Each structure stands twice: as structure tokens, then as C-alpha cells.
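S.K.: Everything in the sequence shown is counted per the UniProt record's numbering, starting at 1 for the first residue and increasing by one.
All C-beta atoms, glycine included, are put in the ideal place defined by N, C-alpha and C.
This structure is a prediction, so every number in the text was calculated from the model and none was measured.
First, the structure itself, so that you have it in front of you.
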Amino acid sequence: MQALKDKIMQEGKVLPGSVLKVDAFLNHQIDPVLMKEIGETFAKKFANQGINKIVTIESSGIAPAVMTGLNMGVPVIFARKSKSLTLKDHLYSTSVYSYTKQTTSEISVSKDFLGKDDVVLLLDDFLANGQALYGLIDIVNQAGAKLAGAGIVIEKGFQDGGKKLRQQGIRIESLATIASLQDGKITFSESGAN
Ligand code: 5GP
């Protein structure tokens, strides 16, 4: 998606450890116009698959997921990272290791909102080593729901999450794939469906 790539080039910052900081439009401040186009793009890519639920993880997956849900006319569920008085049992739960925070957290989705009749599109802001998607896939499997695929805003193609998941036959559509962040320079991968 060209507008996303332009935005990454204009406002993305490369941090040590091959981390791309996109706080200016995705992870802290959110650009609604860009999110609108992201939602439209995912909705087109995943049209006619019978998808009736979108599942993401709080917090940075929520904006692109809601815009996609708006365009597809389906509800959006975000897996929560902390339990609360209102969310403590009747849950699907799994643990996810966060690449950026270097911590493991438990994520949960209420059984009220996901079940065996659902066809799910997973959505997330980044795909790096794949831990976040593996966690969401585990939750979809626990629910007995069908997985239609995953939409990713920014894939770090130099980390192996996308490769491993595609090898397992999971459809993954990324809107921008980064080939390298070496020496502070952002290079996009020309291959794939971007
Ligand atoms: P994975 O679980 O695939 O290793 O990483 C995906 C998750 O880690 C995303 O949900 C995102 O929050 C975070 N993440 C991984 N790499 C980056 C990065 O380079 N920049 C930012 N902003 N987040 C990242």
C-alpha cells in the first residue's frame, strides 16, 4: 500500500535492535485517514471469505482492525492483556512473548464472543517473529472457529514469523513488507502482495 510506505519513509524511525518506531501514526498517535485506507484495503483483500469476526490484540491492532471491521460490516474483538473484575473467567487464554517489550503476557478473549461457528480474520500492527499471531491462532483453535487468514499492517520480512506461518498454509496479507532496517535505513521488499 503506497500511502503506508510513504508514511513509513516520512515518519518511521529505526531504533536499535531492528525495531521500527511508528508512534507518529500507528502505535501512539493514530492517523485516521491512513487507517481508513488500511481498513478498505484489508476488506477488499479478504472479501467473500465468509469472515464474520475480526480478532486483534490490544492496543495497537485495534485501530486498523476497527477500520477493517467497519468496511466488512463485522465486529472486532481485541484480546485483552490483563484480566479484570469484568473479565476473569469463561475465557480462552494463552501466553504471548512480546518482541518489543521482551516480556511474556497472558492474553484472553471471552467465550461469549468467539465460538465454533465463527470465521475469523486476524489483524495486527506488526508481524516479526510471529509470537502475537501464534497466540491469536491458539485462541481461534480453542474456540473451534475457522481461520480465514491474517492481515498485517507492517511485516518485518527479515524476521521469520511470516515465512513460518505461510509454510503452515496460513494466508497472510501484509500492506508493507520491510526487507531491512540495517544502518538505520528502511528498505521495502518488492516481492509479495504489497
Ligand atoms: P511478533 O510477535 O510477530 O514477534 O511481533 C509482533 C508484535 O510485536 C506486534 O504486535 C508489535 O506490537 C510488536 N513489534 C514487533 N516488531 C516491532 C517493531 O519493529 N516496531 C514496533 N513498533 N512494534 C513491533
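Can you find a heavy atom of ligand 1 that lies under 7 angstroms from the Cβ of isoleucine 57?
M.R.: Along the sequence shown, one-based indexing puts residue 57 at 57. The answer is yes for isoleucine 57.
S.K.: Would you say the segment 62-70 touches the segment 128-147, given that touching needs at least three Cβ pairs under 8 angstroms?
M.R.: Touching, no.
S.K.: Give me the residue from Tyr97, Leu136 and Lys111 with the minimum Cα distance to isoleucine 56.
M.R.: Against the sequence shown, residue 56 aligns to sequence position 56. Note that residue 56 corresponds to threonine in the displayed sequence, not to isoleucine. Here the closest residue by C-alpha is Leu136.
S.K.: Can you give the beta carbon distance from serine 98 to serine 108, rounded, assuming they're within the 8 angstroms contact cut?
M.R.: Taking the first residue of the sequence shown as position 1, residue 98 is located at position 98. Taking the first residue of the sequence shown as position 1, residue 108 is located at position 108. Contact flag wrong, Cβ pair sits at about 15 angstroms.
S.K.: I'd like the list of long-range same chain contacts for alanine 148, defined as Cβ closer than 8 angstroms, with 5 residues on each side in sequence excluded.
M.R.: For the purposes of this step, residue 148 is identified with residue 148 of the sequence shown, where counting begins at 1. Contacts found: Phe46, Gln49, Gly50, Ile51, Val119, Val120, Leu121 and Arg171.
S.K.: If you follow the beta strand (DSSP E) that tyrosine 99 is part of, which residue opens it and which one closes it?
M.R.: Along the sequence shown, read from residue 1 onward, the residue named residue 99 stands at position 99. Segment: none, tyrosine 99 is in no beta strand (DSSP E) and carries neither H nor E.
S.K.: Using the Cα positions of serine 174 and alanine 145, report the straight-line distance between them to the nearest angstrom.
M.R.: Taking the first residue of the sequence shown as position 1, residue 174 is located at position 174. Taking the first residue of the sequence shown as position 1, residue 145 is located at position 145. So the alpha carbons of these two residues sit roughly 22 angstroms apart.
S.K.: Taking only the alpha-carbon atoms, compute the straight-line gap between glycine 151 and histidine 90 and give it to the nearest angstrom.
M.R.: Sequence index remark: in the sequence shown, residue 151 carries index 151 (1-based). Sequence index remark: in the sequence shown, residue 90 carries index 90 (1-based). Rounded to the nearest angstrom, the two C-alpha atoms are 27 angstroms apart.
S.K.: Please find out if some non-hydrogen atom of ligand 1 comes closer than 7 angstroms to the beta-carbon of leucine 20.
M.R.: Taking the sequence shown and counting its residues from 1, the one referred to as residue 20 is at position 20. For ligand 1, at least one heavy atom lies less than 7 angstroms from the Cβ of leucine 20.
S.K.: How about glutamine 168 and tyrosine 92: do their beta carbons lie closer than 8 angstroms?
M.R.: Indexing the sequence shown from 1 puts residue 168 at position 168. Indexing the sequence shown from 1 puts residue 92 at position 92. Taking 8 angstroms as the Cβ cut-off, glutamine 168 and tyrosine 92 do not qualify as a contacting pair.
S.K.: Using DSSP with H/G/I as helix, E/B as strand and the rest coil, what is leucine 136?
M.R.: Walking along the sequence shown from the start, residue 136 turns up at place 136. Leucine 136: helix per DSSP, three-state reduction.
S.K.: Taking the alpha-carbon positions, what's the glutamine 182 to leucine 133 distance?
M.R.: Residue numbering aside, residue 182 sits at position 182 when the sequence shown is read from its first letter. Residue numbering aside, residue 133 sits at position 133 when the sequence shown is read from its first letter. Cα to Cα, the separation comes out at about 25 angstroms.
S.K.: How should leucine 15 be labelled, buried or exposed, when 16 other C-beta atoms within 10 angstroms of its C-beta is the threshold for buried?
M.R.: For this step, residue 15 is matched to residue 15 along the sequence shown. Leucine 15 is exposed by the Cβ-count criterion.
S.K.: Whole angstroms is fine: what's the gap from alanine 79's alpha carbon to glycine 161's?
M.R.: Counting from 1 along the sequence shown, the entry for residue 79 is found at position 79. Counting from 1 along the sequence shown, the entry for residue 161 is found at position 161. Near 20 angstroms, if we compare the C-alpha coordinates of glycine 161 and alanine 79.
S.K.: Would you report the Cα separation of alanine 176 and lysine 111, rounded to the nearest angstrom?
M.R.: Position 176 of the sequence shown holds residue 176. Position 111 of the sequence shown holds residue 111. About 33 angstroms.
S.K.: If distances are taken between C-alpha atoms only, which option among Val140, Phe188, Ile139 and Gly184 comes closest to glycine 157?
M.R.: As a first step, residue 157 is located in the sequence shown; it is residue number 157 there, counting from the start. The shortest Cα separation from glycine 157 among Val140, Phe188, Ile139 and Gly184 belongs to Phe188.
S.K.: What are the partner residues of serine 174, as DSSP defines its beta bridges?
M.R.: For the purposes of this step, residue 174 is identified with residue 174 of the sequence shown, where counting begins at 1. Paired residue(s): Ile152.
S.K.: Compute every distance between the C-beta of threonine 94 and the non-hydrogen atoms of ligand 1, then say whether any falls below 7 angstroms.
M.R.: Taking the sequence shown and counting its residues from 1, one reaches residue 94 at position 94. No.
S.K.: How would you label aspartate 117, buried or exposed, when you count the other beta carbons within 10 angstroms and need 16 or more for buried?
M.R.: Along the sequence shown, one-based indexing puts residue 117 at 117. By the 10 Å Cβ count, aspartate 117 comes out exposed.
S.K.: Go through its chain and collect everything with a Cβ distance to glycine 192's Cβ below 6 angstroms, but skip five positions before and after it.
M.R.: Taking the sequence shown and counting its residues from 1, one reaches residue 192 at position 192. Any reading at glycine 192 must be qualified, since the residue scores a pLDDT of 49, below 50, and its modelled position is unreliable; the value itself is stated next. Contacts found: Thr177.
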